[in-house]
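Right, one structure below, let's go through it.
In our numbering, the protein residues as written are 7 to 95.
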């Protein structure tokens with residue numbers, strides 16, 4: 007009898023913890039706009055993406071870099087890069 011009660015309580019706790027884990031929302035950092043006069047504290051770069059293909063773009067292109075600073079905080083940096091299609095002749 008005790009084993010059946012223990013097993014049913016364990017199943018209930020596993021189900022309850024699975025339900026609470028699915029409702030947790032992960033906070034994503036707001037994109038910060040980069041100013042060229044800022045000193046960057048970058049410990050590790052996680053991801054770099056661009057709004058469009060830089061090889062086919064001629065002009066400024068929006069880019070994002072997700073990085074971790076030396077304190078362990080995650081940042082999403084928004085900045086502009088110049089497309090390389092103008093440089094190809």
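The C-beta atom is built at its ideal place from N, Cα and C for all residues, glycine as well. Bear in mind the structure is a predicted one, so any value in this text is a computation, not a measurement.
Roughly how many whole angstroms lie between the Cα atoms of residue i and residue j?
{"i": "residue 61", "j": "residue 53", "result": "19 Å"}
{"i": "residue 36", "j": "residue 49", "result": "19 Å"}
{"i": "residue 43", "j": "residue 86", "result": "14 Å"}
{"i": "residue 55", "j": "residue 79", "result": "19 Å"}
{"i": "residue 59", "j": "residue 71", "result": "15 Å"}
{"i": "residue 51", "j": "residue 64", "result": "26 Å"}
{"i": "residue 89", "j": "residue 67", "result": "6 Å"}
{"i": "residue 47", "j": "residue 69", "result": "18 Å"}
{"i": "residue 77", "j": "residue 45", "result": "15 Å"}
{"i": "residue 92", "j": "residue 74", "result": "32 Å"}
Please report the residue range of the beta strand (DSSP E) in which residue i lies.
{"i": "residue 53", "result": "50–56"}
{"i": "residue 86", "result": "80–88"}
{"i": "residue 38", "result": "37–39"}
{"i": "residue 46", "result": "From DSSP, residue 46 is part of no beta strand (DSSP E); its letter is neither H nor E."}
Is any heavy atom in the ligand PLP found nearer than 6 Å to the beta carbon of residue i?
{"i": "residue 36", "result": "With respect to the ligand PLP, the structure offers nothing, as it holds no ligand at all."}
Could you pull out every residue in the same chain whose Cβ sits closer than 6 Å to the Cβ of residue i, ignoring the five residues on either side in sequence?
{"i": "residue 83", "result": "38, 40 and 71"}
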